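S.K.:
There are 2 protein chains.
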Amino acid sequence: MLARKTVTDYAPAMATGKNYILDDQIGFVLRRVTQRHLAIFTDAIPEVTTTQFATLAKLAEMGPLSQNLLGRLTAMDAATIKGVVDRLRKQGLIETTADPDDRRRLTVSLTDAGRALFERAVPAAQAITERTLAPLSDEERQALQAILLKLA
Amino acid sequence: MLARKTVTDYAPAMATGKNYILDDQIGFVLRRVTQRHLAIFTDAIPEVTTTQFATLAKLAEMGPLSQNLLGRLTAMDAATIKGVVDRLRKQGLIETTADPDDRRRLTVSLTDAGRALFERAVPAAQAITERTLAPLSDEERQALQAILLKLA
DNA sequence: CCCGGATCGTTTGCATGCAAATTATTCTGC
DNA sequence: GCAGAATAATTTGCATGCAAACGATCCGGG
Numbered sequence: 573m574l575a576r577k578t579v580t581d582y583a584p585a586m587a588t589g590k591n592y593i594l595d596d597q598i599g600f601v602l603r604r605v606t607q608r609h610l611a612i613f614t615d616a617i618p619e620v621t622t623t624q625f626a627t628l629a630k631l632a633e634m635g636p637l638s639q640n641l642l643g644r645l646t647a648m649d650a651a652t653i654k655g656v657v658d659r660l661r662k663q664g665l666i667e668t669t670a671d672p673d674d675r676r677r678l679t680v681s682l683t684d685a686g687r688a689l690f691e692r693a694v695p696a697a698q699a700i701t702e703r704t705l706a707p708l709s710d711e712e713r714q715a716l717q718a719i720l721l722k723l724a
Numbered sequence: 573m574l575a576r577k578t579v580t581d582y583a584p585a586m587a588t589g590k591n592y593i594l595d596d597q598i599g600f601v602l603r604r605v606t607q608r609h610l611a612i613f614t615d616a617i618p619e620v621t622t623t624q625f626a627t628l629a630k631l632a633e634m635g636p637l638s639q640n641l642l643g644r645l646t647a648m649d650a651a652t653i654k655g656v657v658d659r660l661r662k663q664g665l666i667e668t669t670a671d672p673d674d675r676r677r678l679t680v681s682l683t684d685a686g687r688a689l690f691e692r693a694v695p696a697a698q699a700i701t702e703r704t705l706a707p708l709s710d711e712e713r714q715a716l717q718a719i720l721l722k723l724a
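Protein chains in written order, with this note's numbering: chain G, 573 to 724; chain H, 573 to 724.
Below, the structure is given as structure tokens:
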């Protein structure tokens, strides 16, 4: 009788891992695309980060908001939005006031400096989108937008 | 003569910022899609993070690699890959050895435990991709893959 | 052979991000 | 009107990520 190495030596489908190519995984590709976009953003708007800019943009769009709601509208959890709000306040771009109607709430609003920076940066932000999508045709851009919205 | 509030009160094109809707920006949508994927991943494979799994996958695919090259192949800079390697080594999933040919280099390789975990997790990883792309048709999946590759 | 540039790894500092626990406050059903 | 559930904000701990500066080593040209 010929020797078998171990009980696990039965080779079911051969090389489970060889078929898993990292570069084809959607999560990995998403990460690289996000990295490229972040680099373009930082180059164009060095004053604030992407999440900080998203916070300013949402406040400009909606007016003053409670900190937690602001976090939900910018896709940040309570811990993350707190840090972002703290840093923006330290830069004088936003301010926080107590909500007289709900003593748990902290109302966040743009300062004049924050609004001015945002208004100044909007053209740059549009250029960032353009640079990010530069490799795509108009049809591809529309397809991407539609598909990503289904995944968000 | 009627009073003007300030010199800035000339209203050039009206509401620069009103046209900037955060939810339509490609960077913001990308971030939300990435968040959703991360949540699916963490739910399916709690033992390691996405970047840690990417590291194991690349080592399984390519064999032992120097730490910096491993970082480049997994889209992490030198500082980031160092932290990931440290944590994986602490878990006993990889090991590092000095390169005899180049004393600057650190060779990173999978341990048996690391390879076993990766092989076990591959079906889960494929399920993660499936769950992430679940809202899409086959045509949309192919379109997304093609478009993202142009952007990466 | 040797010097200047390139590469490898490390460290520090800052900024997300998420999970989980905690406190304070508000709301809701009975 | 009041106990329990829900919500708001904070804090801690861990894990990416990037930028910049650094020392050690290697490599190529003169």
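By construction, the Cβ of each residue, glycine as well, lies at the ideal position given by its N, Cα and C atoms. Note that the structure is a prediction, hence the values are computed from the model and not measured.
Give the range of the beta strand (DSSP E) segment to which T701/H is assigned.
M.R.: By one-based count along the second sequence, residue 701/H stands at place 129. Looking at the DSSP string, T701/H is not in any beta strand (DSSP E); the run it does join, the alpha helix (DSSP H), is D684 to T704.
S.K.: What does the alpha-carbon distance come out to for the pair V656/H and A685/H?
M.R.: Within the second sequence, numbered from 1, the residue matching residue 656/H stands at position 84. Within the second sequence, numbered from 1, the residue matching residue 685/H stands at position 113. Roughly 17 Å separates the two Cα atoms.
S.K.: What three-state label does DSSP hand I593/H in the structure shown?
M.R.: In the second sequence, counting from the first residue as 1, residue 593/H sits at position 21. In this structure, I593/H counts as coil in the three-state DSSP scheme.
S.K.: Taking buried to mean at least 16 other C-beta atoms within 10 Å of its own C-beta, is T614/H buried or exposed?
M.R.: In the second sequence, residue 614/H corresponds to position 42, counting from 1. The residue is exposed, with fewer than 16 neighbouring Cβ atoms inside 10 Å.
S.K.: Would you kindly work out how many angstroms separate the C-alpha atoms of Y592/H and S709/H, rounded to a whole number?
M.R.: In the second sequence, counting from the first residue as 1, residue 592/H sits at position 20. In the second sequence, counting from the first residue as 1, residue 709/H sits at position 137. Their Cα atoms are separated by approximately 30 Å.
S.K.: Since P707/G meets chain H, which of its residues come closer than 7 Å, beta carbon to beta carbon?
M.R.: Within the first sequence, residue 707/G is the residue found at index 135, counting from 1. K722 and L723, listed in chain order.
S.K.: Beta carbons nearer than 7 Å to chain H: which residues of the stretch 619–630 of chain G have them?
M.R.: Result list: T622, A626, A629 and K630.
S.K.: Can you confirm whether V601/G, when its beta carbon is compared against all beta carbons of chain H, has any partner nearer than 9 Å?
M.R.: For this step, residue 601/G is matched to residue 29 along the first sequence. For V601/G, the answer is yes, since a Cβ of chain H falls inside 9 Å of its Cβ.
S.K.: Could you tell me which whole alpha helix (DSSP H) segments of length 4 or greater appear in the stretch 608–670 of chain H?
M.R.: Taking only runs of at least 4 residues, the alpha helix (DSSP H) segments lying wholly in the stretch 608–670 of chain H are 622–634, 639–645 and 650–662.
S.K.: In whole angstroms, what is the alpha-carbon distance linking G525/G and A699/H?
M.R.: As shown, chain G starts at 573 and ends at 724. That puts residue 525/G outside it, with no answer to give.
S.K.: Return yes when the Cβ of Q624/G is within less than 9 Å of the Cβ of R659/G, no when it is not.
M.R.: Position 87 of the first sequence, counting from 1, holds the residue named residue 659/G. Position 52 of the first sequence, counting from 1, holds the residue named residue 624/G. Closer than 9 Å, so yes.
S.K.: Taking DSSP's pairing of strands, which residues face S681/G in a bridge?
M.R.: Position 109 of the first sequence holds residue 681/G. E667/G, per the DSSP bridge assignment.
S.K.: Please return the same chain residues whose Cβ sits closer than 8 Å to the Cβ of V713/G, not counting the five positions on each side in sequence.
M.R.: What you label residue 713/G is simply residue 141 of the first sequence in a count that begins at 1. Before going on, a small fix: residue 713/G reads as Arg here, not Val. Within the same chain, R713/G has close Cβ partners L705.
S.K.: Give every residue of the same chain whose Cβ lies closer than 6 Å to the Cβ of A693/H, excluding the five residues on either side of it in the sequence, and list them in chain order.
M.R.: Counted from its first residue, the second sequence places residue 693/H at position 121. Excluding sequence neighbours, A693/H sits near I617.
S.K.: For A718/G, which of helix, strand or coil comes out of DSSP?
M.R.: One-based indexing of the first sequence puts residue 718/G at position 146. A718/G: helix per DSSP, three-state reduction.
S.K.: Where L610/H and D673/G are concerned, what is the direct C-alpha to C-alpha distance, given to the nearest angstrom?
M.R.: In the second sequence, counting from the first residue as 1, residue 610/H sits at position 38. In the first sequence, counting from the first residue as 1, residue 673/G sits at position 101. If I take the Cα positions, the gap works out to 37 Å.
S.K.: Kindly list the residues whose CB is nearer than 6 Å to the CB of T732/H, restricted to its own chain and excluding five residues on each side of it in sequence; keep chain order.
M.R.: Any question about residue 732/H goes unanswered here, given that chain H covers just 573 to 724.
S.K.: Under 9 Å, Cβ to Cβ, is there at least one residue of chain H near R604/G?
M.R.: Taking the first sequence and counting its residues from 1, one reaches residue 604/G at position 32. By this cut-off, R604/G is an interface position.
S.K.: Please state the DSSP three-state secondary structure of L723/G.
M.R.: Sequence index remark: in the first sequence, residue 723/G carries index 151 (1-based). Of the three classes helix, strand and coil, the one that applies to L723/G here is helix, per DSSP.
S.K.: Excluding the 5 residues flanking P636/H on each side, which residues of the same chain have their C-beta closer than 7 Å to its C-beta?
M.R.: If you number the second sequence from 1, residue 636/H lands on position 64. Hits under 7 Å: T679, V680 and S681.
S.K.: Suppose you measure from the CA of T701/G to the CA of A715/H; what does that come to, to the nearest Å?
M.R.: Sequence index remark: in the first sequence, residue 701/G carries index 129 (1-based). Sequence index remark: in the second sequence, residue 715/H carries index 143 (1-based). Cα to Cα, T701/G sits roughly 20 Å from A715/H.
S.K.: So, at 8 Å on beta carbons, what are the nonlocal neighbours of I666/H in its own chain, with the 5 sequence-adjacent residues on each side left out?
M.R.: The residue labelled residue 666/H in the question sits at position 94 within the second sequence. Closer than 8 Å at the Cβ level, and outside the excluded window around I666/H, lie T627, L628, L631, V657, L660, V680, S681, L682, T683 and G686.
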